[in-house]
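FYI, in this note's numbering the residues of the sequence shown are 11 to 254.
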Amino acid sequence: MTEIAARYRAVRERINRAAERAGREPDEVTLVAVTKTWPVEVVLAAYEAGLRHFGENRAEELAQKQTAVSAQLGPDSGVVWHQIGTLQSRKTRLAADHADWFHALDRPKIARRLSKRLTENGRFLPVLLEVNVSGEATKSGFLADRWETDSQQQAQLCKLVEEVMALPGLSLCGLMTMAPWQVSEMEIRQVFRRTRELARWLETAVSGLHLPYLSMGMTDDFEIAIEEGATHIRVGRALFGPRV
Ligand SMILES: *Cc1c(COP(=O)(O)O)cnc(C)c1O
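Here is the structure:
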């Protein structure tokens with residue numbers, strides 16, 4: 011068994027146990043293998059080991075690997091590419107052309123640019139809104155650190171959501187978040203829980219909105235995320251080892 015296959019098996023075990031603790035089915039959780047900084051050969055080895063969902067945080071890197079992998083494996087490989095990092099305006103075209111999912115929408119301008127390009131190409135992109143519920147200054151994402159009590163923040167969130175929902179070519183279908191660095195397990199859990207609750211609240215606040223997907227959890231915290239309802243976990247180091 012290759013090293014990636016062994017690591018993949020260990021991660022699957024951890025997913026199964028976390029799902030079991032939470033009374034969930036393991037197949038409710040999509041494992042997105044984060045291949046950033048790793049060459050195409052590593053993506054192909056991961057494919058060989060059975061992985062199908064791949065995540066990149068830079069749009070150029072995603073476009074380049076998506077092109078190379080589809081040239082190798084053909085159009086029916088079942089590979090799904092996730093843009094997991096926020097986009098700059100001038101990178102929206104790359105994501106619109108090459109990504110199958112976008113996890114890190116953080117402002118309406120990006121959604122408008124994606125929508126324009128997607129409709130030109132007749133493509134469709136499921137999109138998750140990245141929210142910063144911890145308020146940590148270094149975190150990306152739309153600020154939602156006081157969404158439970160701050161009516162202004164609630165109004166801003168609803169306005170953004172409504173604007174994105176009105177755009178053709180993309181579908182807002184969930185939330186994404188990142189846990190703060192170096193805090194207790196309790197604080198991490200709180201961030202994931204508040205993100206899940208925010209999704210439920212937004213569904214009641216905005217008519218016609220459905221946010222079934224929650225992208226949360228990385229190598230160090232994906233079990234907590236699964237216990238708190240994650241449907242997508244984004245895992246790099248546990249599958250591929252430390253990035254060089
Ligand atoms: C790098 C990255 C990950 C994966 O991190 P690991 O700690 O290697 O699992 C997940 N999400 C985003 C947005 C990332 O940039």
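In this text, a Cβ means the ideal position worked out from N, Cα and C, and glycines have one as well.
Rounded Cβ spacing between residue i and residue j (contact assumed at less than 8 Å)
i      : j      : result
Ala78  : Ile236 : Actually they are not in contact, since the Cβ atoms of Ala78 and Ile236 sit about 31 Å apart, beyond 8 Å.
Ala240 : Leu219 : Going by Cβ atoms, the distance from Ala240 to Leu219 rounds to 19 Å, so no, they are not a contact pair.
Thr45  : Val53  : 5 Å
Ile234 : Glu172 : About 31 Å; that fails the 8 Å criterion.
Glu140 : Gly151 : 4 Å
Leu72  : Ala114 : Not quite, the Cβ-Cβ distance comes to about 12 Å (not below 8 Å), so this is no contact.
From the options, residue whose alpha carbon lies closest to that of residue i
i      : options                           : result
Pro178 : Lys149, Leu128, Ser87 and Ser217  : Leu128
Asn142 : Pro36, Glu30 and Ala209           : Ala209
Leu135 : Gly184, Asp160 and Val254         : Gly184
Gln164 : Val201, Arg133 and Thr214         : Thr214
Leu212 : Ala55, Gln76, Phe250 and Gln166   : Gln166
Asp258 : Pro222, Leu221 and Arg244         : The question about residue 258 has no answer, for the chain in this structure spans 11 to 254.
Arg100 : Asp86, Glu207, Ser80 and Arg122   : Arg122
Ala105 : Ser125, Ala81 and Pro118          : Ser125
Gly227 : Ser217, Arg206, Val216 and Leu221 : Arg206
Coarse secondary structure for residue i, derived from DSSP in three states
i      : result
Pro49  : coil
Leu61  : coil
Leu219 : coil
Val90  : strand
Thr148 : coil
Val201 : helix
Thr8   : Given a span of 11 to 254 for the chain in the structure shown, any question on residue 8 remains unanswerable.
Met186 : strand
Pro118 : helix
Trp157 : coil
Ala43  : strand
Pro36  : helix
Leu72  : helix
Residues near residue i in its chain [Cβ-Cβ closer than 6 Å; skip 5 each side]
i      : result
Ala248 : Val21 and Thr229
Ala43  : Ala56, Leu61, Phe64 and Leu249
Gly145 : Asp155
Contacts around residue i, its chain only, beta-carbon distance under 7 Å, and the 5 residues preceding and following it disregarded
i      : result
Leu182 : Val137, Leu139, Val171, Val174 and Met175
Arg62  : Gly88, Val89 and Val90
Ala59  : Thr12, Ile14, Ala15 and Tyr18
8 Å Cβ shell around residue i - same chain, five flanking residues per side excluded
i      : result
Leu38  : The question names Leu, yet the displayed sequence has Glu at residue 38. Once the five neighbours on either side are set aside, the close Cβ partners of Glu38 are Ala29 and Thr241.
Lys149 : Asn142, Met188 and Pro190
* **the region 60 to 70 / the region 87 to 100 touching (three or more Cβ pairs under 8 Å)** => yes
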